[in-house]
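Engineer:
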Amino acid sequence: MRLTDLIAELRRALGPEAVVVEPDALRTYDADASMIVAHPPQVVALPADAAQAARAVALAVSAGLAVVPRGAGTGIAGGAVPVRGGLLLSTARMDRVEAIEPRSRRALVGSGVVNAELNARLAPLGLQFAPDPSSQRASTIGGNLATNAGGPHCLKYGVTTNHALAVELARADGSLIWTSDGTPDAAGYDLTGLVVGSEGTFGLVTRALVRLTPLPEANRVALALFPSVVAASAAVSRVIATGSLPTSLEVMDHNAIRAVNGAYALGLPEAEGTTLLIVEVDGVEDGLDEALEAILAICRAHGAFELRPARTPAEQARVWVARKSVAGAIGRLAPAYLLVDTVVPRTRLPLMMEQIERLRHEHAMEICNVFHAGDGNLHPLVLYNPRDPDQVRRAHAIAGAVLELSIAQGGVISGEHGVGLEKQEYLPLLLSRAELQIQAAVYAVFNPGDHFNPAKIFPSGSGPAQLAEERRARMRQGRMQQGDGPVGTQQAASPYEPVVAPETVEQLAAVVAACHRAGAAIVPTGGHRAPAAAAQPAVMLALRRLNRILTYEPDDLTIGVEAGMTLAELQAILAAHGQMLPLEVADPAHATLGALVACAAEGPRRLGYGTLRDWTLGLTVVEADGTVVRLGAQVVKNVTGYDLVKLFVGSHGTLGVITAVSLRMFPCPPASATAVLELPDRGAAFALLDDLAAARLLPTAADYLEGGALPAPRAAPALLCVRAEGLPAAVERHMRELVGLAARHGGAASEVRGEEETALWTAVVGRTAPAEAEDTACLKLCVPPAELGAALAEAQAEAQARAVTLVVTARGLSGVAYLRAAGPPVGLRGLFTELVRRRRHAHLFAGAPQVVAGLPVWGAPPPAAELMRALKRELDPYGTMNPGGGFAWVDPVALHT
Amino acid sequence: MERVSADQPVSIPLIPFSAKDRPSTDIINTCVHCGLCLSSCPTYRETGLEMSSPRGRIYLMKAVDEGRIGLESEVFQEQMSQCLNCRACEAVCPSGVQYGAILEASRAQIEQARAAGKIPARPGVPSEVPDNPALPPRPLWQRALRGAVFGGLFKHMGLFRAFTGSMVLYQKSGAQWIARKSGILKLLGLAETETMLPALSGKMIAPRGQIFPAEGQRRYSVALVTGCIMSTAFAEVHEATIRVLQKNGVEVILPPGQGCCGALHTHGGDLDGGRELARINIAAFEGLGVDAIIINAAGCGGTLKEYGHLLHDDPAWHERAVAFSKKVRDIHEFLAGIELNRAALGRLEISVTYQEPCHLAHAQRISAQPRALLKAIPGLELREMHESALCCGSAGIYNVTQPEMAARLGARKVTNALATGAAVIATGNPGCALQLAGELRRRGKDVQVRYIVELLDESYRRGPAPAA
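Listed in order, the protein sequences are those of chains U and Y. 147 is the number that numbering that gives the first Met the number 0 gives to position 148 of the first sequence; each next residue is one higher, with no gaps. 198 is the number that numbering that gives the first Met the number 0 gives to position 199 of the second sequence; each next residue is one higher, with no gaps.
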C-alpha cells in the first residue's frame, strides 16, 4: 500500500479530520516532553474509539508502517517519539469514561482519558484512581499504563500496575483483545501486569479496566524544611524505618524550591542547601494528628528547622500543584534538563544524595533534586543548555554516574518514567544478556513483527528480535545435543522419580540443565507436600533446602529470601523486627514463599494490603534450560524493562523455577482488632458490606463466613469478620462504627484482639484449606465484588438442588469466595460445571479423582488464552516446566483437560 | 505489501520572522515541552490535535524562529488564528511561559507579512468553512475589521458611540463579534420582550469627567474605564458598577478623553494600533490621584494591565504605562479586596452558575473573587459548572475569524452551564455575555446572562429585609 492509499483508507475509516498529514503539523508530533530526539511521523491518526484504533493499526501494519502510540506526550524518556517514522496513533479522542462501578470499585475508561479528569469524575463518588503522576492534569490513563506511572501518593497506594485490572489491546492484525475480564484472581498468566509498563511495545492499549480506591476521609499535609538534602533524606529513611505508612514523603531541594516558589506563592526560603520535605498522611480522621506528629518529631530530630502545616484544602492543593509542576517549571532555571529516574533501597538515600552532591561539584553543573523520597525514587534533574556540547556531555556523564552508583546499591534504571529512548543504552548496566533475552522473548510474543513502537527499550546493538532468537538457539542447543523427542514420551515407574532437593541455586540450575538435556520434565515443589497431580514422568524438584535469608535490611522494609523458606519462618524473622507480611494462609508452616508466589496466594488482609502480586518486587528464576535470571529488583518501584515478575507470580511453576523472592514488608500495626458481626442471614451481611464499602472506613479485612464450624462459640447463620489496623484511635473508630452497622442490620457485634484475634483468622483461613475427602470438592469462585452476594445465593441454590452442602469463606469486599462443597460426586461435578457456566471463574482446586476427572478445573478459558499459550511456548519451548500443573488452556498436556 | 515511500519534500522559500515585534526567542525557549498546558486548552480539548495545543503552537513558533518553517506555512497561520488567546495555558504553565506575548507577536508577524504582500491575505486553510452561508466572505471581513473598524471606529469613541444605534456598525464590528447567529437586531431593538441579555440600553455612557459621589463616608476614589462596547451596548452595566461602588463608599470618576483599550487590536496582532490606544488612555488617566483604575470587562482589564509590556520598547511611554497598569483593578478584584458593604445587600433567591471569562481567570488570575461576591448575596445559590474556566469561544473577533470552533466551544459551554440547572449564568465580560446569550437563544433556553455587578446592584437596590 502506498502512503497516499493508506491516508485515503484512514480518512475513510476515521473521518478526514482524524488524519493529520501536513508536514508542518506532523512536526509537532516529533517529540514528547523529553525533547531528546525529534523525528516526525509520516501520518497521525486520532481514532475515536477502540474499533477505529484497531482499524488504523491494521491499515498501518498492512502498509508496512510502524505504529507509535501517544497519549498526551508528557513522557520524559522519549517513549512516544516515532524514531522510525510510521503512523503515530494519538489516543487523545479516545477519552470516554464508559462505566464507573463504585461497589466493585472499578471503572472502564478509554486510554485517552486524562488522569485528572477521571479523578474529577470520581471524587463526588468518594473514589479515586490512586496513581497521581506529576503530569496527571494532562497525562492519559494509557500513558500512565505504558510507563507504570507513579506519583507522590504512590508511597501509600502503589503505582499504576497495582490499579490496573485489565487492558484492551489492539493487535497487529487489527483484532482487539482483553488481557482479562478484570475479575479478581482470574486464572491465567498475568498479561495485564505484563502490558503495564511495556511502553507501547506490546500493542496499542485502547481501553482499560482500572481499580478505584476510596478517597480518605481526612488528610494532613505538613512542610518540613531541612538544611540539606542529605538531612532530609536521612529523615525520610528513618520515617520509613519506624514503620509509619505516610501517604507521601516528597523531597524538593533548593533548586526545585526556586523553580516553583514564586509562581505558587509558597513563601519558602531558597538558600543553597535548603530542602523541603512534604509529608502527607491520610485515612480516617481519628489518630491522624498523632500520625503526623510522630513523623514531624523524626524530622525535628534530623535537623528540620521549620515545620509548617498546610491546613486548608486550598493550601494543600497549592503545595501539591507546586510539587507536581517542578519538572515543568525547569524552564525558569535552564533551557533543558536530563532526568535521572532511579530507585534505590530507602536506607541508601542519604548516601546517594551525598554522591549526587559530589557529582554536581565535580562536573560543575546545577542539579535540581525533586523526588519521591519515601519510595527511594530519586529524580536528580541535571540542568543544561542543549546548545553547549560540553554541557550536554557533562550532563550525560552525571546521569551515567548516578545510574552506576545506584545499581551498585541495588537500584534500577527507571522507577516510573520508563526506558524509552533515553535510557535504552543503560539497560545492560542492570540486565545480563540472559535477562535481556527473556525480556525479548516476551516482546517476541506480543510484537513479533516489530510493529508497535519499534526501537525502544532495548539497547541499540541488541534488538529484541536478535535477543529472542539468541534465547531460542540457547534452548535448542541444550536439547539438540541429545537429539531427544518431545517431552512425555519416556516411561518411568513412578511419576516422581527421582526427588531432588538441591542446596544452592547453582545446584538447582545444574539439575534443571541436566533435565533439559535429558528431556525430562520438572515439577517444582516446596517439598513439604506433594503436588496435587502429575501429568507425566518428571523430576520432582524440592526447594525446601533453599531457605536462607539473602538480603534483609529491616529499615528498607524489604526482604530477599530463598524460595524454600516457609511463610511461618519468614513471619518469625520479621516479627523480631516488628514487621510482617500481611498474609494468612491455611498451612503457613508448610507453605513456601516460592509456592505461594507461584500460586499468587492471597489472604483476608488483601482488602487493606493487597496480595503477593503487589508485594513481590523481584524473583530469581531458573529457566527451562537451567539459565539463572533475576527479574525485578529489591526496590519498591521499577520500570526497567518489562515486569516479568508479574508474569511469574501465579504462573504455577510452568515457566521456570522460582528460587528466590524479594518482597515488600510492612510494619506491624500499633493496634489491631477484629469485629465479629453475627447477622441473621446472608442478605443482611451483604447489605452491611454495601454500607461498609460506601463508608469512609478502611478495614484491612472483611471476610464473610457461612456454614461449617464457625469460630466458636458463635453460631449465627452469617458471620462477618472485619479487621481494622493502625493507630489505636483509628482502630477504635472502626470498632465503634462496626457495632453500629451490625445493629442497623439486625445483628450483634463482638470484638477480638491479640491472640484471640490471631486464632480467629487462623480459623478463618483454615476453612479454605484443600481437602481431598471423597465427598468433598474445594472451589474458588471469583466474581466482580458487587456480584458476590448474588453469586453466593446462586451457588447455594444450585448446591441445595444437588444435595450438596457448602461451607463458604469469602473476602466480602473483594469478590473472592472459597467454597468447600460436600455431597455426592455427581452433585459436586454438576455444581462446579454450573458455576463455571454462570460465572466462568470457578477453580476446582482440590477434590477426589472421581470428582475432578475431566472437569475444566481452572474454569472457562480467558479471552487471551492464545497469548498465554504463545508465552508458554516461547519461554518453555519443550514444555518441561511443571507439565500438567498449569492452566488447562495453556498447557496441552495438562491433566485435567 | 509494498512499503510506503515518503513523499519527496518540495523546496520552498521560508519567510522568517522580521525584526519588528518579533516573538521573543527567550520566551519561546522557556517552554520545556512538558505538556501540562494541554488539558487547559479549549482547542486541544475540542480537537485532540497537538498543533492545536499551546505546546504545539509554541513548537511551531520555535520552528519559524529557528528557520525550519516559514511564515507562509498554512499550518502556522491557521494555528495562530485558531488560538483563542484565552491564556488558560499561561495560567497553568509551570515555567511561566508568557504565551499571550508570543502569540500576539506571531500574529503581528503574519499581519506584517500580509501587509507587505509576502503571504496572501487569505490563506486556504481548513477552518474556512465554505458551507456556512451565514458567514460573509472572508475578504470583506478582513477589510471591514482590519481597515474600517480597527483603524477607524475603535480609535474614535465619539464616532463609535454615534454609530452604536446603527445596525451597520453592529454588523461590522460588535454584532458579528457579539453573536452572529443570535439575531442581534432583535436584541438591540429590545422592542420585543426578550430579555435574555442585560438591557442593551440606548443610554450610552460618554465619559466627560463626571464624578459620582460615594454613599456615606468616602473610603476610596476610583476612575472607571468606560471602554467602547461597554459604554454603549452595556451602558447599564456601567451604571450598575457605579452604583455598587457608591454603595461601598467609593467615589467614581469618569475621566474624559479615554477610549477603547485596544484589546481587539493587540490580540489580533495589530500591536501598533493597540499602542496608539494605550497612549490615549494612559494620558487620560494620568494625574487623577485615584486609588484605582476600575474596569468591569475582563478582556479590557487583561489588556490594561499589560500596557507596560505593550509599550516596553517605547522609552517615552514605558514608565507611564507601567504606572498606569499598576493601578488597574478589575471590579471583582477591587470589591473583594475592600470590606464589602454586606449590610445593605438584599435577598436574591436565584440559582446562579458562574462562567469565568478567560481574561479574568487566566490573564488576570482572578477566580476566587467573583465567586466570593456571588456568595455574598443573601439567598443566591452558586452552582459550579463543569469546565467553568474553559473559553466559551467568544474571544474577541474569534467568532468572525474561526466561526466553526467558536460555535463548538459556545455549545460546549452552554451545555455545561445548563447542566447545573441554574436560572442565571453570571459572567464579567461582554464577549462572553453575548456568546452565551446567542447560544442560549439558538436553543430557545430561558436562562439569563448577567454581570456579577448587575446582580450585586440588584441586591443592593432590593435592600436588606426589615428586621423581623
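Where a beta carbon is used, it is the ideal one built from N, C-alpha and C, also for glycine.
1. Between the Cα of residue 392 of chain Y and those of Y:377, Y:258, Y:240, Y:86, spot the shortest distance and give me the residue it belongs to.
2. For residue 623 of chain U versus residue 875 of chain U, is the C-beta distance shorter than 8 Å?
3. According to DSSP, simplified to helix, strand and coil, what is residue 65 of chain Y?
4. Looking only at DSSP bridge pairs, what is residue 219 of chain Y linked to?
5. Compare the beta carbon distance of residue 427 of chain Y and residue 369 of chain Y with 8 Å and say whether it is the shorter of the two.
6. From what residue to what residue does the alpha helix (DSSP H) around residue 511 of chain U run?
7. Report buried or exposed for residue 113 of chain U, applying the criterion of at least 16 other Cβ atoms within 10 angstroms of its Cβ.
8. Tell whether a beta-carbon distance below 8 Å holds between residue 160 of chain U and residue 195 of chain U.
9. Can you look up residue 444 of chain Y in the DSSP assignment and give me helix, strand or coil?
10. So, at 6 Å on beta carbons, what are the nonlocal neighbours of residue 266 of chain Y in its own chain, with the 5 sequence-adjacent residues on each side left out?
11. Is residue 210 of chain U helix, strand or coil by DSSP?
12. Is residue 92 of chain Y helix, strand or coil by DSSP?
13. So, helix, strand or coil for residue 431 of chain Y, using DSSP?
14. Starting from the beta carbon of residue 403 of chain U, find every residue of chain A whose beta carbon is closer than 9 Å, and list them in chain order.
15. Does at least one heavy atom of the ligand NAP sit under 7 Å from the Cβ of residue 716 of chain U?
16. Among U:92, U:285, U:324, which one has its Cα closest to the Cα of residue 46 of chain Y?
17. How about the stretch 231 to 240 of chain U and the stretch 344 to 351 of chain U: do they share at least three Cβ pairs that are nearer than 8 Å?
18. Which residues of chain Y have a Cβ atom closer than 8 Å to the Cβ of residue 251 of chain U, listed in chain order?
19. Which stretch, first to last residue, makes up the alpha helix (DSSP H) that contains residue 42 of chain Y?
20. Can you find a C-beta in chain U that's less than 8 Å from the C-beta of residue 314 of chain Y?
21. Let's see if you can read the secondary structure: which residues bound the alpha helix (DSSP H) around residue 229 of chain Y?
22. Mind reading off the beta-carbon distance from residue 43 of chain U to residue 25 of chain U? Whole number of angstroms is fine, and I expect it under 8 Å.
23. Give the interface partners of residue 72 of chain Y over in chain U, defined as CB-CB distance under 8 Å, in chain order.
24. Under a Cβ-count criterion, where at least 16 other Cβ atoms within 10 Å of its own Cβ denotes burial, should residue 274 of chain U be classed as buried or exposed?
25. Looking at the structure shown, is residue 802 of chain U part of a helix, part of a strand, or coil, going by DSSP?
26. Ignoring anything shorter than 4 residues, give me the alpha helix (DSSP H) runs that lie fully in the stretch 260 to 331 of chain U, in order along the chain.
27. Taking the beta strand (DSSP E) that residue 524 of chain U belongs to, which residues open and close that run?
28. At 9 Å on the CB atoms, spell out the chain U contacts of residue 58 of chain Y, in chain order.
29. Among the residues of its own chain, which have a CB less than 6 Å from the CB of residue 340 of chain Y, if the five just before and after it don't count?
30. Quick one: is residue 190 of chain Y buried, meaning 16 or more other Cβ sit within 10 Å of its Cβ, or exposed?
31. With a CB to CB cut of under 6 Å and the five nearest residues on each side skipped, what residues in its chain are close to residue 454 of chain U?
32. Of all the options U:757, U:472, U:154, U:179, which has the alpha carbon lying nearest to the alpha carbon of residue 375 of chain U?
33. Looking at residue 364 of chain U and residue 382 of chain U, is the spacing between their C-beta atoms short of 8 Å?
34. Please check if any C-beta of chain U sits within less than 8 Å of the C-beta of residue 32 of chain Y.
35. Under DSSP, the alpha helix (DSSP H) around residue 867 of chain U begins and ends at which residues?
36. By alpha-carbon positions, which one of U:105, U:168, U:127, U:79 ends up nearest to residue 146 of chain U?
Structural biologist: The relevant details are as follows:
1. As a working mapping, residue 392 of chain Y is identified with position 393 in the second sequence. Considering only alpha carbons, the answer is Y:86.
2. As a first step, residue 623 of chain U is located in the first sequence; it is residue number 624 there, counting from the start. As a first step, residue 875 of chain U is located in the first sequence; it is residue number 876 there, counting from the start. Going by C-beta atoms, residue 623 of chain U is nearer than 8 Å to residue 875 of chain U.
3. What you label residue 65 of chain Y is simply residue 66 of the second sequence in a count that begins at 1. Correct three-state label for residue 65 of chain Y: coil.
4. Numbered from 1 along the second sequence, position 220 holds the residue referred to as residue 219 of chain Y. DSSP output for residue 219 of chain Y lists Y:249 as bridge partner(s).
5. Indexing the second sequence from 1 puts residue 427 of chain Y at position 428. Indexing the second sequence from 1 puts residue 369 of chain Y at position 370. Yes.
6. Mapped onto the first sequence, residue 511 of chain U falls at position 512. That run of the alpha helix (DSSP H) goes 504 to 517.
7. As a first step, residue 113 of chain U must be located in the first sequence, where it is residue number 114. Residue 113 of chain U is buried by the Cβ-count criterion.
8. If you number the first sequence from 1, residue 160 of chain U lands on position 161. If you number the first sequence from 1, residue 195 of chain U lands on position 196. In this structure, residue 195 of chain U lies closer than 8 Å to residue 160 of chain U by Cβ.
9. Translated into the one-based positions of the second sequence, residue 444 of chain Y becomes position 445. Coil at residue 444 of chain Y, not helix or strand.
10. Residue 266 of chain Y sits at position 267 when you count from the first residue of the second sequence. For residue 266 of chain Y, where only same-chain residues beyond five positions count, the Cβ hits under 6 Å are 84, 395.
11. Looking up residue 210 of chain U in the first sequence gives position 211. DSSP places residue 210 of chain U in strand when its eight states are reduced to three.
12. Locating residue 92 of chain Y in the second sequence gives position 93, where the first residue counts as 1. Coil at residue 92 of chain Y, not helix or strand.
13. For the purposes of this step, residue 431 of chain Y is taken as the residue at position 432 of the second sequence. If DSSP states are grouped into helix, strand and coil, residue 431 of chain Y belongs with the helices.
14. This model lacks chain A altogether, as its protein chains are U and Y.
15. With respect to the ligand NAP, the structure offers nothing, as it holds no ligand at all.
16. Within the second sequence, residue 46 of chain Y is the residue found at index 47, counting from 1. Nearest option by C-alpha distance: U:92.
17. yes
18. Reading the first sequence from its first residue, position 252 is the one you call residue 251 of chain U. Chain Y residues near residue 251 of chain U: none, gap ~13 Å exceeds 8 Å.
19. Counted from its first residue, the second sequence places residue 42 of chain Y at position 43. First-last of the alpha helix (DSSP H) with residue 42 of chain Y: 41 to 46.
20. Locating residue 314 of chain Y in the second sequence gives position 315, counting from the first residue. Output row for residue 314 of chain Y: interface = no.
21. Start at 1 with the first residue of the second sequence, and residue 229 of chain Y comes out as number 230. Note, residue 229 of chain Y: alpha helix (DSSP H), 228 to 231.
22. Translated into positions along the first sequence, residue 43 of chain U becomes position 44. Translated into positions along the first sequence, residue 25 of chain U becomes position 26. That belief holds up - the Cβ atoms of residue 43 of chain U and residue 25 of chain U are roughly 6 Å apart, short of 8 Å.
23. To locate residue 72 of chain Y, count along the second sequence from 1; it is residue 73. Those are 23, listed as they occur along chain U.
24. Numbered from its first residue, the first sequence carries residue 274 of chain U at position 275. Label assigned to residue 274 of chain U: buried.
25. Mapped onto the first sequence, residue 802 of chain U falls at position 803. Here residue 802 of chain U sits in coil by DSSP.
26. 287 to 300, 312 to 323, 325 to 328
27. On the first sequence, position 525 is the one that residue 524 of chain U refers to. Segment 520 to 524, the beta strand (DSSP E) holding residue 524 of chain U.
28. As a position in the second sequence, residue 58 of chain Y is number 59, starting the count at 1. Within chain U, the residues near residue 58 of chain Y are 26, 27, 29, 30.
29. If you number the second sequence from 1, residue 340 of chain Y lands on position 341. 246, 247.
30. Walking along the second sequence from the start, residue 190 of chain Y turns up at place 191. Low confidence applies here, because residue 190 of chain Y scores a pLDDT of 28, under 50, leaving its location unreliable; read the following figure in that light. Under this definition residue 190 of chain Y is an exposed residue.
31. For the purposes of this step, residue 454 of chain U is identified with residue 455 of the first sequence, where counting begins at 1. Excluding positions up to five away in sequence, the list reads 82, 83.
32. In the first sequence, residue 375 of chain U corresponds to position 376, counting from 1. Among U:757, U:472, U:154, U:179, the Cα nearest to that of residue 375 of chain U is on U:154.
33. In the first sequence, residue 382 of chain U corresponds to position 383, counting from 1. In the first sequence, residue 364 of chain U corresponds to position 365, counting from 1. Yes; because the gap between Cβ atoms is below 8 Å, this pair is in contact.
34. Counting from 1 along the second sequence, the entry for residue 32 of chain Y is found at position 33. Yes - at least one Cβ of chain U is within 8 Å of the one on residue 32 of chain Y.
35. Counting from 1 along the first sequence, the entry for residue 867 of chain U is found at position 868. It spans 864 to 874 - the alpha helix (DSSP H) in which residue 867 of chain U sits, taken as one unbroken run.
36. Along the first sequence, read from residue 1 onward, the residue named residue 146 of chain U stands at position 147. For the residues U:105, U:168, U:127, U:79, the minimum Cα distance to residue 146 of chain U belongs to U:79.
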